[in-house]
Structure formats: C-alpha cells, structure tokens
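Chemist:
Residue numbers (mature numbering (1 follows the signal peptide of the UniProt record, and there is no 0)): -26 to -1, 1 to 78.
1. My output table needs one value for residue 32: the three-state DSSP class, helix, strand or coil.
2. How many whole angstroms separate the CB atoms of residue 15 and residue 32, which I take to be in contact at a CB cut-off of 8 Å?
3. Excluding the five sequence neighbours on either side, which residues of its own chain have a C-beta within less than 6 Å of the C-beta of residue 19, listed in chain order?
4. If you draw a straight line from the alpha carbon of residue 54 to that of residue 38, how long is it in whole angstroms?
5. What is the DSSP secondary structure of residue 16, counted as helix, strand or coil?
6. Distance, Cα to Cα, residue 9 vs residue 3?
7. State the beta-bridge partners of residue 40 as determined by DSSP.
8. What does the alpha-carbon distance come out to for the pair residue 78 and residue 35?
9. Please go through the same chain and pick out, in chain order, the residues whose beta-carbon is closer than 7 Å to the beta-carbon of residue 52, but skip the five residues on each side of it.
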C-alpha cells in the first residue's frame, strides 16, 4: 500500500517530533537538572531568567514548580524568584507557565 505525498509528509513530521522528544528526554539537560528529573520532576519548558540564569518550568506529583540553573551550570535553585522593584511579593512568572495548584 502506497501513501499519498501529504500522508508521507505527515508521517515524516510525526516521526521527527517523536525523535526530537526522545532526545530531550534522553538527557540534553545539565547534570544538576537531570538529578531533579531522577527525583521525579518532569521538565516542561525553559526560559531566559534574570542574572544570567536559565529558568525551567517543571511538574512534580501534579504540582507546577519553577527552578533556576545558575550561570556556572553547577547549581539549581528551586522556588519563586522575586524581583526588587515590586511593592510586596510579586513573583516573576516564567512565560506560559501554569498557575501552581493549591493544597494537597
């Protein structure tokens, strides 16, 4: 059975996406981020963070979390990053991040 040209393109795109996803899951992150993955954190996205850090959005046990890789790549800080100009607690939110779940 022969696939139409549009079906071939679709199958090729799906295969490429699956390979790319497998490569990311295979450990394209620095070792300290891989340690978080070994502890059950699912890395969802990364973004440029203040201070030369790389920010990450992750999930663990159904809860969203943010963590930040230091510029030397040797340390990770887990938690809310605050900036100085705000009056009161105003956490910096990673782009397109989900609101953390409350409770339980």
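Using N, Cα and C, we set each Cβ at its ideal position, and we do this for glycine too.
Modeler: Here's the rundown:
1. strand
2. 5 Å
3. 31
4. 11 Å
5. strand
6. 10 Å
7. 31
8. Residue placement at residue 78 is flagged as unreliable, the pLDDT there being 42, under the threshold of 50; the coordinate-derived value follows with that caveat. Each residue's Cα considered, the two are about 10 Å apart.
9. 39, 41
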